[in-house]
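K.L.:
Plus 3 on top of the position in the sequence shown (first one is 1) and you've got the working numbering.
The structure's right below; bear with me while I get my questions together.
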Amino acid sequence: HHQMLELDSARRYYQAALKLDPRYSEALNNLGTIFYAKKNYRRAVSQYNKALKLAPGSASIHSNLGTALFARKKYPEALASYERALALDPEVFEHRGTQGVLLQERSVQDRARFHYYLAKTYAKAGALDRAILYIRKCLEEGFRERELFRQEPEFAKLQEIDEFKQLLASEPRVL
């Protein structure tokens, strides 16, 4: 249902599943992704929070919550959700398939900021290679606030890495 973007029939299906089993966290998560796809971010956040009460160890639900909070421009809360997701599953942002919220419909500016927050999350977790990968993506998406990479404490460990220095020195190739 969900994959074909028949969102209304998928929503009814998940709601019926929840009537049968109100503790079905995946159905709550999937309802959240439907509300997210319809740009109803407030309801998406609500569904993800309900799902997390039932499945607090789900990295993908924490990640989805982060993306919905990001869409609502609640950046500190989004970052906290991404950090929890990453702590639960260091690969969470690399294998987002059926359970992950899609980022395609975000504007390029939003994607740049999203990649900035992922870079910050990875840097804070000590995954410096991944942090650099997302810094590159963020700059390619046209992220303008380069000074943040020098100022934010999360990026301190990167300051001595040549690739990081080159990235910040280079002219951005906006895709």
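Every residue, glycine too, gets a C-beta built ideally from N, C-alpha and C.
For E157, which residues in the same chain have their Cβ closer than 6 Å to its Cβ, ignoring the five residues on either side in sequence?
P.N.:
Correct list, in chain order: K123, A126 and K127.
K.L.:
Which runs of the alpha helix (DSSP H) at least 4 residues long sit entirely within the segment 36–103? Give them in chain order.
P.N.:
Taking only runs of at least 4 residues, the alpha helix (DSSP H) segments lying wholly in the segment 36–103 are 44–57, 62–74 and 78–91.
K.L.:
Apart from the five residues just before and just after K140, which ones in its own chain have a Cβ nearer than 6 Å to its Cβ?
P.N.:
Cβ neighbours of K140 beyond the five flanking positions: H118.
K.L.:
Does DSSP put D11 in a helix, a strand or coil?
P.N.:
Reduced to three states, the DSSP call for D11 is helix.
K.L.:
Rounding to the nearest angstrom, what Cα-Cα distance links G103 and Q154 in this structure?
P.N.:
Low local confidence applies: a pLDDT of 49 at G103 is under 50, so the model's placement there is unreliable, with the coordinate-based value given in what follows. When rounded, the distance between both Cα atoms is 31 Å.
K.L.:
Please determine whether the Cβ atom of E9 lies at a distance below 7 Å from any heavy atom of the ligand HEM.
P.N.:
In the structure shown, the ligand HEM is absent, as is every other ligand, since no ligand is present at all.
K.L.:
Which residues bound the alpha helix (DSSP H) around R153?
P.N.:
Here the alpha helix (DSSP H) through R153 covers E150 to Q154.
K.L.:
Please state whether DSSP places D132 in a helix, a strand or coil.
P.N.:
If DSSP states are grouped into helix, strand and coil, D132 belongs with the helices.
K.L.:
Report yes if the CB atom of V95 is closer than 8 Å to the CB atom of L72, and no otherwise.
P.N.:
It is not a contact, given that the beta carbons lie outside the stated cut-off.
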